[in-house]
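J.: Position 87 of the sequence shown, counted from 1, bears residue number 91 in the working numbering, the numbering being contiguous throughout.
One structure, pasted below without further comment.
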Amino acid sequence: MFFGTYTPKLDDKGRLFLPAKFREELAEGLVVTRGQERCLTIWSLEDFARLTERLQQAPMTVKGTRDYVRMLFAAASQEVPDKQGRISIPPVLRQYASLDRDVVVIGSMNRIEIWDPTSWAEYSEQQEQVFSDLSDEVFPGA
């Protein structure tokens with residue numbers, strides 16, 4: 005499980021130091037791809053395989069399914085962290101998420117998201133009230 009917020013930097017080659025707390029779970033490899041709201045998403049190989057299985061069950065006759073699969077897989081990159089815990093973020097993904105040097109890395113249950121700091125700050129601010137309001141919807145009767 006991934007949680008927490010971290011602020012590593014990309015190096016000159018576009019590599020990201022994974023937060024130390026995330027490294028063991030991702031040591032065998034991971035997939036980094038587009039996420040929603042212009043962030044990047046990192047999945048363990050196991051969780052990405054489960055996601056793939058679910059998508060294979062979705063009807064490809066539905067345009068939305070085809071569109072989603074194309075966008076998710078076209079930019080996906082399988083990576084294995086090096087001995088220092090770094091992974092490469094391909095240029096197409098850095099461009100998609102407007103990543104330069106500073107980034108925000110958040111744990112989001114079974115995945116990790118990588119954000120441009122300004123985008124994350126704006127998103128967080130916009131979602132603060134929504135987060136409060138959603139607790140009743142997510143946990144009815146709690």
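The C-beta atom is built at its ideal place from N, Cα and C for all residues, glycine as well.
(1) From Gly68, Val35 and Thr65, pick the residue whose C-alpha is nearest to that of Ala53; which is it?
(2) For the stretch 43-81, which segments carrying the beta strand (DSSP E) assignment without a break, of at least 3 residues, lie completely within its bounds, in sequence order?
(3) Measure how close the beta-carbons of Phe6 and Arg115 come, nearest whole angstrom, since I'm counting them as under 8 Å.
(4) Can you tell me the Cβ-Cβ gap for Leu76 and Thr37, rounded? I've got them flagged as a contact below 8 Å.
(5) Please check the pair Gly8 and Gly111, which I expect to be a contact at CB under 8 Å, by giving their CB distance rounded to whole angstroms.
(6) Give the list of continuous alpha helix (DSSP H) stretches no shorter than 4 residues that lie fully inside the stretch 87-117.
(7) By Cβ distance, which residues of its chain are closer than 7 Å to Glu32, with the 5 residues on each side in sequence left out?
(8) Suppose the cutoff is 7 Å on Cβ atoms and the five residues either side in sequence are ignored; what does the same chain contact list for Val108 look like?
(9) For Leu138, which three-state DSSP category applies?
(10) Suppose the cutoff is 7 Å on Cβ atoms and the five residues either side in sequence are ignored; what does the same chain contact list for Lys67 look like?
(11) Give the secondary structure of Glu83 by DSSP, where H, G and I count as helix, E and B as strand, and everything else as coil.
(12) So, using beta-carbon positions, are Gly18 and Glu117 closer together than 8 Å?
T.: Walking through what the data contain:
(1) As a position in the sequence shown, residue 53 is number 49, starting the count at 1. Per the Cα distances, Val35.
(2) 44-48
(3) Working through the sequence shown from its first residue, we reach residue 6 at position 2. Working through the sequence shown from its first residue, we reach residue 115 at position 111. About 7 Å separates the two Cβ atoms, so the contact holds.
(4) If you number the sequence shown from 1, residue 76 lands on position 72. If you number the sequence shown from 1, residue 37 lands on position 33. Going by Cβ atoms, the distance from Leu76 to Thr37 rounds to 6 Å, so yes, they are a contact pair.
(5) Taking the first residue of the sequence shown as position 1, residue 8 is located at position 4. Taking the first residue of the sequence shown as position 1, residue 111 is located at position 107. So it is a contact: roughly 5 Å between Cβ atoms.
(6) 95-100
(7) Position 28 of the sequence shown holds residue 32. If we look at Glu32 and ignore the five residues flanking it on each side, its Cβ neighbours are Leu49.
(8) For the purposes of this step, residue 108 is taken as the residue at position 104 of the sequence shown. Contacts found: Thr9, Thr11, Trp119, Pro121 and Trp124.
(9) Counting from one through the sequence shown, the residue named residue 138 turns up at place 134. The answer is helix: DSSP assigns Leu138 an H, G or I state.
(10) Counted from its first residue, the sequence shown places residue 67 at position 63. Closer than 7 Å at the Cβ level, and outside the excluded window around Lys67, lies no residue.
(11) Your numbering for residue 83 matches position 79 in the sequence shown. Reduced to three states, the DSSP call for Glu83 is strand.
(12) Residue mapping note: residue 18 aligns to position 14 of the sequence shown, counting from 1. Residue mapping note: residue 117 aligns to position 113 of the sequence shown, counting from 1. In this structure, Glu117 does not lie closer than 8 Å to Gly18 by Cβ.
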